[in-house]
Amino acid sequence: MNKRTSQLPGFYKVTVSERRKLVADATGVEASEIARALDRGGLDAETADKFVENVLGTYGLPYGVTLNVRVNGQDHVVPMVVEEPSVVAAASNAAKMVRAGGGFHAEIDAPLMISQVQVTHVKDAARATREILAAKDEILAKADRAVPGLCARGGGARDLEVRTLGQASDEMIVVHIIVDCRDAMGANLINTIAEAVADRLASLAHGRVGLRILSNLCDKRCVRIRCRVSADMLATDDMDGQAVIDGIVNASRFAELDPYRAATHNKGIMNGVDAVVIATGNDWRAVEAGAHAFAARSGQYSPLSIWRRDGDALSGFLEMPLALGTVGGTLRVHPSARLSLKIAGVEAAGDLAAVAAAVGHASNLAAVRALATDGIQRGHMALHARSVALAAGAEGGEVEGVAAIIVEARDITVEAARRALAVLRSDGPASARARSSGEGDVSSKRVEDRQSSNAVEG
Ligand code: MEV
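This is the structure we're talking about:
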């Protein structure tokens, strides 16, 4: 296979089938395999009927790829499943800025998940804790016996912790069994372990078994992403790079001080993370629950990423828990999920977590840069204009032409697009622009440039 690349200039301009060919060439995955796994969403109703209950059919979502992503020196073309316009383009564009500074640097924790066993009606929590800790080896061995397949793959129970909750009059303890899940997300394994050791724990604690389930706050399974972006990469038509850095740092401080802003800041991160999580058949509700619980761990809901000035450049840091799997679960049955791992070029769960977090960091950078400069609507509108142009009947190269005209005229309606299209078809591009905007000398080139730099990968 050729050396993998995630740089595919002009990708957004070509047709869907040409893009499949380009991704095939860049990743070594056969174009026919891409077609097989993605046509009709990769899932028929009969297979879907085996996933969940009361099935009527399947529900399609767009499947795109983020380009320019480089993590720890490796290139990744990253599949994203998302319905929101501009998310894929913005992540690609921000990843390009980061790439110029060396790409994303990721540090990945071991795949440790927490199995929680609640024990209620405990009379003496201190004594219960002592007895459980004294029996640690026995409990861990019992946990391992419940998941022989995981142990054969090198995983298994690693540690045990006891926490006291509640009041002395109604003491409750919770025992955490820490389990290395290797490349599995681990929910089933962890729940199996919780159920296997619960009775013994309750008897050691002289209490009663309560809940037995994983914790989605998997704070021992975090990913940390760092990146450095030079000022010239961040500059816009109207603002120099240094001013953009100040604006982004200011946006970060806002999120650090205000939970209302932190929620939206984190939503921008999850735009990227969730899209990768869904494309790879992983449990995005688990990821969301873990991310937000982690964001609130200090008692104040906080941003998962921060941005700071580093000399003349911008540096970013993101930390979040990410429980993703590259084996088992949906991956066993969903061809599109398996395809996504191949396109992304990842096999280990930790590498997938690093790539997903890097795309989240890129999405966040794109959002805060847009907010600190032109505002978010300009880039969104530029992309929205393309669908309006399509709705007005524009075809092929006409789509970009009509979109540029209606953006320039600040009239992004199907009616305006129809007018622009009619003029474009009868008189040619220059005249169409002049008539639509009322400014004969305004070039749509500026608008196209803005589309490339603010949203669409170029
Ligand atoms: C929209 O999907 C995401 C943003 O609101 C994120 C942010 O405000 O940082 C643009």
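Per the working numbering, the very first residue in the sequence shown carries number 48; after that it's consecutive.
Each residue gets a CB set at the ideal place from its N, CA and C atoms; glycine is no exception.
In this structure, ALA405 sits away from VAL124, with a CB-CB distance that is not shorter than 8 angstroms.
Annotated three-state conformation of VAL118 is strand, per DSSP.
By the Cβ test, the segment 356-364 is in contact with the segment 272-285, since at least three Cβ pairs between them sit closer than 8 angstroms. Take the alpha-carbon of ALA190 and the one of ASP184: they are about 10 angstroms apart.
If you look at THR460, you'll find it isn't in any alpha helix (DSSP H); DSSP assigns it neither H nor E. Here VAL221 carries a strand assignment [DSSP, helix/strand/coil]. About 5 angstroms separates the CB atoms of ALA370 and CYS265; that is less than 8 angstroms, so the two are in contact.
Within 7 angstroms of the C-beta of GLU131 there is at least one heavy atom belonging to the ligand MEV. Counting only the Cα atoms, ARG174 lies some 17 angstroms from VAL164.
GLY392 is not bridged by DSSP to any residue.
Beyond the five residues adjoining it in sequence on each side, ALA243 comes within less than 7 angstroms, by CB distance, of LYS189, ALA190, ALA193 in the same chain, given in chain order. Remark: the C-beta of THR420 is outside contact range of the ligand MEV, defined as less than 7 angstroms to any heavy atom. Residue burial annotation: ALA199 is exposed, with fewer than 16 other C-beta atoms found within 10 angstroms of its C-beta. Judged by DSSP in its simplified three-state form, SER162 adopts strand.
Taking the Cα positions, HIS431 is about 7 angstroms away from PRO132. Looking at the DSSP output, THR113 sits in a beta bridge with VAL125. Scanning ALA322, ARG67, LEU248, VAL70 for the CA closest to the CA of VAL134 turns up ALA322. When secondary structure is reduced to three states using DSSP, SER53 falls in the coil class, being assigned neither helix nor strand. In summary, SER352 is buried, with 16 or more beta-carbon neighbours lying within 10 Å of its beta-carbon over all protein chains present. ARG385 and ALA138 have their C-alpha atoms spaced approximately 22 angstroms apart.
Fewer than three Cβ pairs drawn from the segment 411-423 and the segment 146-160 lie within less than 8 angstroms of each other, which leaves the two stretches out of contact.
Rounded to whole angstroms, ASP246 and VAL222 show a C-alpha spacing of 12 angstroms. If you ignore the 5 residues before and after GLU394, its C-beta comes within less than 8 angstroms of the C-beta of ASP230, THR373, LEU388, all in its own chain and listed in chain order.
Between VAL461 and ALA439, the beta carbon gap of about 5 angstroms places them in contact (Cβ cut-off 8 angstroms). For GLY363, the beta-bridge partners assigned by DSSP are CYS274, TRP354.
In the same chain as LEU187, and ignoring 5 residues on each side of it, the C-beta atoms closer than 6 angstroms to its own belong to ALA204, in chain order. By the Cβ-count criterion, SER345 is exposed, with fewer than 16 other Cβ atoms from all chains shown falling within 10 Å of its own Cβ.
DSSP, read as helix, strand or coil, puts CYS265 in coil. Using a Cβ distance threshold of 8 angstroms, GLN54 and LEU108 do not count as a contacting pair.
Between the ligand MEV and the CB of HIS431, the shortest heavy atom gap is not smaller than 7 angstroms.
Contact check for ILE224 against ILE240 passes: the beta carbons are separated by less than 8 angstroms. The beta carbon of GLY319 sits no closer than 7 angstroms to any heavy atom of the ligand MEV. Inclusion of LEU468 and GLU447 in the CB contact set at 8 angstroms is not warranted, their separation being larger than that value. At the C-beta level, ALA456 and ALA436 stay beyond 8 angstroms of one another. Only buried fits LEU248, as 16 or more other CB atoms lie within 10 angstroms of its CB. Ranked by Cα distance from GLY407, the first of GLY376, HIS381, PRO368, SER250 is PRO368.
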